Amino acid sequence: MRNGKRSLAGDLHWYSLCWSRLTVSRQNLLYNIYGDPFRGSSTFFPKDSIPKTTFDPPVETLHINIPFYQVNSDDGIDFVNIPDDELGGHLDVVNEPLVPSYRVTANFGPGIRVNDIQLVSRGNQSNESGLTLPVSWWNQKTSMGPGDVPSPGTFPSDAFHWDTLETLDGGQEMMLTVHPFFYNATTKDATFYQDYSFHIDFVTSTVDIEAVTPTYRSVPLGESQEIDVRLTNTGSAEVRVNVSLDIQDMGSFEVASSQSQNGIVIPAGGSLIRHFSWDPAGSPETFYQIIARVFDSSHLGELDKGYENFRVGIPNLSIKSM
Numbered sequence: 002m003r004n005g006k007r008s009l010a011g012d013l014h015w016y017s018l019c020w021s022r023l024t025v026s027r028q029n030l031l032y033n034i035y036g037d038p039f040r041g042s043s044t045f046f047p048k049d050s051i052p053k054t055t056f057d058p059p060v061e062t063l064h065i066n067i068p069f070y071q072v073n074s075d076d077g078i079d080f081v082n083i084p085d086d087e088l089g090g091h092l093d094v095v096n097e098p099l100v101p102s103y104r105v106t107a108n109f110g111p112g113i114r115v116n117d118i119q120l121v122s123r124g125n126q127s128n129e130s131g132l133t134l135p136v137s138w139w140n141q142k143t144s145m146g147p148g149d150v151p152s153p154g155t156f157p158s159d160a161f162h163w164d165t166l167e168t169l170d171g172g173q174e175m176m177l178t179v180h181p182f183f184y185n186a187t188t189k190d191a192t193f194y195q196d197y198s199f200h201i202d203f204v205t206s207t208v209d210i211e212a213v214t215p216t217y218r219s220v221p222l223g224e225s226q227e228i229d230v231r232l233t234n235t236g237s238a239e240v241r242v243n244v245s246l247d248i249q250d251m252g253s254f255e256v257a258s259s260q261s262q263n264g265i266v267i268p269a270g271g272s273l274i275r276h277f278s279w280d281p282a283g284s285p286e287t288f289y290q291i292i293a294r295v296f297d298s299s300h301l302g303e304l305d306k307g308y309e310n311f312r313v314g315i316p317n318l319s320i321k322s323m
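Add 1 to a position in the sequence shown, counting from 1, and you land on the number used in the numbering used here.
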């Protein structure tokens, strides 16, 4: 399966508790299993049979002008929105103020990957005082109560975050979410930035994860899961890569196993298979996602990502006579 990538570092970041982030993660899992319903195909179709996307050019400098926010007040609560139905949204984090966000997406062709995004500048600043924003409880927007205590200081703490999603045609979709509105729930002060400039660092790749193949679709109790990762180099020179493999609980998103193999040489125009093994003893009987990643050994830029899913244990079935 192909899965989105979160750029934020650390084991627990405020955005990991964001309703929209959890929603995207679950949507990615469904996308990985069943394919993209808008493209009418699944991950089991070969890449050359997938309808082609219109790709965007890899522009390293991205300028964004965000529409000025609007405030709608109701019963003493101020709801702040970006007046753009397509790109405007909100950062929906439990017990934090519901602040607006602005998401820009782009689709890049096979072999072109986003390695990093940096904020270069932001400007056209506006300030406002006296706003009373609602606190968020995931998808329920309510006023603050005695038990609702936002984080001290200004929220959010970051100016932006970004993700990528592997697409069925071998390309990559970039999702850049700008945080233009900053709010302090204690002082009720807000700051808004309308103009942003970003630098996007791209990596060009000739390495492809052709297949991630588990031995078992449902791992019998007492058995280990054996996994083969097939790598292909379409370039005219050999490449040295590192391969990592994570096995993730599809319900909790917890990583049950993390493995890596480094310094693998793939010859020009060649392919090879790397083998991994996982003993699920002590792990819950549920569905798991395999996430395989390949990195350039020299600069550690991600070159491709592959995925598959399986179950530990055999579901209990009972047949009742009619």
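Glycine is no exception: its CB is placed at the ideal position from the N, C-alpha and C atoms. Here the structure is a predicted model, which means the values were calculated and not measured.
Item, Value
"Taking all protein chains shown into account, do 16 or more other C-beta atoms lie within 10 angstroms of the C-beta of A191, making it buried, or fewer, making it exposed?", "buried"
"Here's the rule: buried if 16 or more other CB atoms are within 10 angstroms of the residue's CB, otherwise exposed. What is N128?", "exposed"
"Over what stretch of residues does the beta strand (DSSP E) that includes I1 continue unbroken?", "Given a span of 2 to 323 for the chain in the structure shown, any question on residue 1 remains unanswerable."
"I'd like to know whether the C-beta atoms of V204 and N116 end up nearer to each other than 7 Å.", "yes"
"Is DSSP giving T1 helix, strand or coil here?", "Since the displayed the chain opens at 2 and closes at 323, residue 1 lies outside it and no answer follows."
"Are there 16 or more other CB atoms within 10 angstroms of the CB of A10, so buried, or fewer, so exposed?", "Bear in mind that a pLDDT of 27 at A10, under 50, signals an unreliable position, so the model cannot answer this."
"Considering just the uninterrupted stretch of the beta strand (DSSP E) at N263, what are its terminal residues?", "V256 to I267"
"If you drop the 5 nearest sequence neighbours on each side, which residues of the same chain put their C-beta closer than 7 Å to that of G325?", "Residue 325 is absent from the structure shown; the chain starts at 2 and stops at 323."
"Look up H91 in the DSSP assignment and give the residues it is bridged to.", "P101"
"Which of helix, strand or coil does DSSP assign to Y197?", "strand"
"Count the other CB atoms, across all protein chains shown, that sit within 10 Å of the CB of G77; report buried if there are 16 or more and exposed otherwise.", "exposed"
"Please name the residue, chosen from E227, P285 and I267, that lies closest to G314 on a Cα-to-Cα basis.", "P285"
"When the distance is taken between beta carbons, is E97 closer than 7 Å to P151?", "yes"
"Tell me which same chain residues have a C-beta within less than 7 Å of the C-beta of G271, skipping the five on either side of it?", "N234"
"If distances are taken between C-alpha atoms only, which option among H162, I83 and Q195 comes closest to Q119?", "H162"
"Using the Cα positions of V230 and G110, report the straight-line distance between them to the nearest angstrom.", "22 Å"
"Reducing DSSP to helix, strand and coil, say where D305 ends up.", "strand"
"On the criterion of 16 or more Cβ atoms from any shown chain inside 10 Å, does A282 qualify as buried, or is it exposed?", "exposed"
"For A107, which residues does DSSP report across the bridge?", "M175"
"As an exercise, report each continuous beta strand (DSSP E) stretch of at least 3 residues that is fully enclosed by the stretch 209-263, in chain order.", "226-234 and 240-250"
"Quick one: what's G124 bridged to in DSSP?", "D196"
"Are the beta-carbon atoms of D93 and T133 separated by less than 7 Å?", "no"
"Tell me whether T165 sits in a helix, a strand or coil according to DSSP, three-state version.", "strand"
"Looking at C-alpha atoms only, which residue of L304, P157 and A107 is the closest neighbour of V60?", "A107"
"Taking the Cβ atom as the reference point for each residue, do M176 and D159 lie within a distance shorter than 7 Å?", "no"
"Considering only their Cβ atoms, is the gap separating H180 from S122 smaller than 7 Å?", "no"
"Within 10 angstroms of the Cβ of F277, are there 16 or more other Cβ atoms? Answer buried if so, exposed if not.", "buried"
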